[in-house]
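Protein chains in written order, with numbering that gives the first Met the number 0: chain Z, 0 to 257; chain X, 0 to 360. Where is the CB? At the ideal position from N, CA and C, for every residue including glycine. Because the structure is a prediction, the values reported are computed rather than measured.
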Amino acid sequence: MRRAWWLWAGAIAVYAFLYVPLAVVVAFSFNDSRLNAEWVGFTLNWYKTLLADEAMLQAAFNSLLIAVVASAVATVLGTMAGIAMHRWKPKLLPFMVLTPVAMPEILLGVSLLVFFITAFGQESLSLLTVVLAHITFCLGFVAIIVRSRLAGMDESLFEAARDLGATPWQTFRLVTLPLIMPGIIAGALMAFTLSIDDFVITFFTSGVGVKTLPLQIYSMIKVAVTPEVNAVSTLLMLITLAMIAIASRLAPGVLKAH
Amino acid sequence: MALLEIRNVTRRYGDLAAVCDVSLDVEQGEFFTLLGPSGCGKTTLLRMIAGFEAPDAGRILLDGKDLAGTPPEQRPVHTVFQSYALFPHMTVAQNIAFPLRMAGRPTEEISRRVGETLELVHLGDKAHQYPHELSGGQKQRVALARGLVNRPRLLLLDEPLGALDAKLREEMQLELIKLQKEVGVTFVFVTHAQAEALALSHRIAVLRDGRVEQMDEPSRIYGFPKNRFVADFIGSINLLDAEVIEAASGHLRLSVAGLGEVIAPHAAAAGAGLRGAFAIRPEQVRISPHTEAPQLKNHFTGRVSSFLYIGDVTTYIVETAGGARIEALLPNSAPGRAQFFETGDAVAVSWRHDAGAWLGE
Numbered sequence: 000m001r002r003a004w005w006l007w008a009g010a011i012a013v014y015a016f017l018y019v020p021l022a023v024v025v026a027f028s029f030n031d032s033r034l035n036a037e038w039v040g041f042t043l044n045w046y047k048t049l050l051a052d053e054a055m056l057q058a059a060f061n062s063l064l065i066a067v068v069a070s071a072v073a074t075v076l077g078t079m080a081g082i083a084m085h086r087w088k089p090k091l092l093p094f095m096v097l098t099p100v101a102m103p104e105i106l107l108g109v110s111l112l113v114f115f116i117t118a119f120g121q122e123s124l125s126l127l128t129v130v131l132a133h134i135t136f137c138l139g140f141v142a143i144i145v146r147s148r149l150a151g152m153d154e155s156l157f158e159a160a161r162d163l164g165a166t167p168w169q170t171f172r173l174v175t176l177p178l179i180m181p182g183i184i185a186g187a188l189m190a191f192t193l194s195i196d197d198f199v200i201t202f203f204t205s206g207v208g209v210k211t212l213p214l215q216i217y218s219m220i221k222v223a224v225t226p227e228v229n230a231v232s233t234l235l236m237l238i239t240l241a242m243i244a245i246a247s248r249l250a251p252g253v254l255k256a257h
Numbered sequence: 000m001a002l003l004e005i006r007n008v009t010r011r012y013g014d015l016a017a018v019c020d021v022s023l024d025v026e027q028g029e030f031f032t033l034l035g036p037s038g039c040g041k042t043t044l045l046r047m048i049a050g051f052e053a054p055d056a057g058r059i060l061l062d063g064k065d066l067a068g069t070p071p072e073q074r075p076v077h078t079v080f081q082s083y084a085l086f087p088h089m090t091v092a093q094n095i096a097f098p099l100r101m102a103g104r105p106t107e108e109i110s111r112r113v114g115e116t117l118e119l120v121h122l123g124d125k126a127h128q129y130p131h132e133l134s135g136g137q138k139q140r141v142a143l144a145r146g147l148v149n150r151p152r153l154l155l156l157d158e159p160l161g162a163l164d165a166k167l168r169e170e171m172q173l174e175l176i177k178l179q180k181e182v183g184v185t186f187v188f189v190t191h192a193q194a195e196a197l198a199l200s201h202r203i204a205v206l207r208d209g210r211v212e213q214m215d216e217p218s219r220i221y222g223f224p225k226n227r228f229v230a231d232f233i234g235s236i237n238l239l240d241a242e243v244i245e246a247a248s249g250h251l252r253l254s255v256a257g258l259g260e261v262i263a264p265h266a267a268a269a270g271a272g273l274r275g276a277f278a279i280r281p282e283q284v285r286i287s288p289h290t291e292a293p294q295l296k297n298h299f300t301g302r303v304s305s306f307l308y309i310g311d312v313t314t315y316i317v318e319t320a321g322g323a324r325i326e327a328l329l330p331n332s333a334p335g336r337a338q339f340f341e342t343g344d345a346v347a348v349s350w351r352h353d354a355g356a357w358l359g360e
């Protein structure tokens, strides 16, 4: 069946709105000009500049470190919370776990800042506080995904495992875990991407010394959007795409809705 | 000593007693069925035997040993779930190997016994397929194989045929009987389908509202239901309000609503003046043209109000002169329709004086 031309036009417009800005950033990262205005010629100079930029490299390292640690911890805790919410249907836990997800980031940022300063003092703000803050808001996302994965599952699967001789731990390891693994991987992926590009909460909890990539990019564009920023954005995009590719390889079906 | 002894078991959910003071014995090698409508407590009872729920009162003994406090994984009891509960991330062979793995059997023994069990359920060629690649009947067989492979003392089956279509269900019934005989494992089967229970079981316990209404062999449950509920639940039956006029030694004289006087077999509980019901199976009722002279004592005239031609039999609903509706079965054994009545035809229904039964309230 031929679809109406305006459906095609609409679809193209939406995709263009989503992807043209990204394409422009990628293209201009290879542009041999200081200005994001016209195409001059191909160059890899901006990537070379980037690799020579100590502050930028340090920020990238911090971002990766924070994202890896925060998403790992959030995945473990979020999985546990998701399972607990599914199994025991507690009243308070979902509220406590999911509030940081729904709360405006600025509010979470300010309250974490106030908490860290009053509890541990001004000097406590560091990589550690950023990691703790990221775990706080990533955990909820993992918990939601894991719980929804469990909710769609036949409860008698877990009873069958016990019935056939598996201890509760064997049931978890051999049945529950493999079955919710796509959800866990999806949650971990989500936590990683949320953490690596977070600005607001990081801004409030990082103190003076610690810079992450989003913070570094922000401080650079205060002056002007340089091609170097384009280059670092392109790299960030690559990392994200790689994460999605890895996840869909590890757990086919993550990208599909169950 | 019976293999499974259930002693005065009660299980409450809030104010509701799902299982109420149930006692029963299941013998070694028996095919025992818990039969009842949904909500009668049969599944709760099964779950208590499996160990997923604990009784509030009473004891469950297996081989004379009290199961209280024994978790499901340590009971030599396996369950075939209504949804089959096959592990979707494991192949058929891995599913069947699961209980053996959990029991810590050596690898070569596992693969040998998985192979044997696959042959037993005719799935030798499906070992490396995943559950989602199987048909309903095949999944059913895998679930059975998984439940039987480690030779449990007891196999619990929770409406395992419920999800199959009628034709396949009949096939699986025959196969279940054969399988149970071959492996000699004791089966406790839960169902709400009375025909299935009659066909499969050595003994049936009919449950209602958490209590055992009657426990006996299928032919006795069908032929001699203890009360109105059992009579009505098992098969189809004519149930008419009746009062005892005279309780003689050999027979009863009843006054049956819509019929008048009926002679029925003696019942121990019957006494003159008692109210209850007269019950008679449709296949025990003879239907004949009204012109035929009465041959039996219980003989009533009426008209055919409707009929259902089912193929092997025709079911007639006859409305008697007194207003009773009597269902009668006529086998279509003769070629053509030698003896056939139309709606509105004047007919007579009759039955032997030793057929039917008086049931107390």
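Short CB-CB distance (under 8 Å) between residue i and chain Z
i                      : result
residue 188 of chain X : no
residue 388 of chain X : Residue 388 of chain X is absent from the structure shown; chain X starts at 0 and stops at 360.
residue 217 of chain X : no
residue 49 of chain X  : yes
residue 82 of chain X  : yes
Within 8 Å, strictly: CB atoms of residue i and residue j
i                      : j                      : result
residue 97 of chain X  : residue 71 of chain X  : no
residue 129 of chain Z : residue 157 of chain Z : no
residue 187 of chain X : residue 60 of chain X  : no
residue 159 of chain Z : residue 80 of chain X  : yes
residue 9 of chain X   : residue 16 of chain X  : yes
residue 57 of chain X  : residue 11 of chain X  : no
residue 182 of chain X : residue 205 of chain X : no
residue 30 of chain Z  : residue 226 of chain Z : yes
residue 246 of chain Z : residue 188 of chain Z : yes
residue 369 of chain X : residue 340 of chain X : Outside the displayed span of chain X (0 to 360) sits residue 369 of chain X, for which this structure offers no information.
residue 328 of chain X : residue 303 of chain X : no
residue 120 of chain X : residue 92 of chain X  : no
residue 280 of chain X : residue 21 of chain X  : no
residue 255 of chain X : residue 152 of chain X : no
residue 33 of chain X  : residue 189 of chain X : yes
Expected contact under 8 Å - CB spacing of residue i and residue j to nearest Å
i                      : j                      : result
residue 241 of chain Z : residue 141 of chain Z : Incorrect: roughly 20 Å between the Cβ atoms, too far for contact.
residue 317 of chain X : residue 301 of chain X : 5 Å
residue 111 of chain Z : residue 200 of chain Z : 7 Å
residue 199 of chain X : residue 175 of chain X : 6 Å
residue 155 of chain X : residue 69 of chain X  : 15 Å between Cβ atoms; not a contact.
residue 225 of chain X : residue 212 of chain X : 7 Å
residue 233 of chain Z : residue 25 of chain Z  : 5 Å
residue 179 of chain Z : residue 145 of chain Z : 6 Å
residue 168 of chain X : residue 94 of chain X  : No, residue 168 of chain X and residue 94 of chain X are not in contact; Cβ-Cβ is about 22 Å, not under 8 Å.
residue 39 of chain X  : residue 227 of chain X : The Cβ separation is near 16 Å, so there is no contact.
residue 179 of chain X : residue 159 of chain X : In fact, because the Cβ distance is near 12 Å, the residues do not count as touching under 8 Å.
residue 258 of chain X : residue 345 of chain X : With a Cβ gap of about 17 Å, residue 258 of chain X and residue 345 of chain X do not count as contacting.
Short CB-CB distance (under 8 Å) between residue i and chain X
i                      : result
residue 258 of chain Z : This structure does not reach residue 258 of chain Z, given that chain Z is present from 0 up to 257, and the question cannot be answered.
residue 153 of chain Z : yes
residue 37 of chain Z  : no
residue 257 of chain Z : Confidence is the limiting factor: at residue 257 of chain Z the pLDDT is only 38, short of 50, which leaves the residue's position unreliable and the question unanswerable from this model.
residue 246 of chain Z : no
residue 53 of chain Z  : no
residue 159 of chain Z : yes
residue 175 of chain Z : no
residue 6 of chain Z   : no
residue 149 of chain Z : no
residue 215 of chain Z : no
Residue i classed as buried or exposed, judged by whether at least 16 other C-beta atoms fall within 10 angstroms
i                      : result
residue 342 of chain X : exposed
residue 54 of chain X  : buried
residue 353 of chain X : exposed
residue 108 of chain Z : buried
residue 190 of chain Z : buried
residue 3 of chain X   : buried
Contacting residues, own chain, Cβ-Cβ under 6 Å from residue i (five flanking each side not counted)
i                      : result
residue 215 of chain X : none
residue 87 of chain X  : 130
Nonlocal neighbours in the same chain, by C-beta distance under 7 Å from residue i, ignoring five residues either side
i                      : result
residue 357 of chain X : 241, 243, 251, 253, 263, 266, 269, 275, 277
residue 65 of chain Z  : 126, 129, 130, 133, 194, 211
residue 298 of chain X : 347, 349
residue 221 of chain X : 197, 233, 234
residue 257 of chain Z : Because residue 257 of chain Z carries a pLDDT of 38, less than 50, the predicted location of this residue cannot be relied on, and the following value inherits that uncertainty. Contacts found: 151.
residue 36 of chain Z  : none
Close-in-space but distant-in-sequence residues of the same chain around residue i (CB under 8 Å, 5 per side omitted)
i                      : result
residue 100 of chain Z : 136, 139, 140, 143
Cutoff 8 Å: residue i Cβ touching any chain C Cβ
i                      : result
residue 181 of chain Z : In the structure shown, chain C cannot be found, because the protein chains are Z and X.
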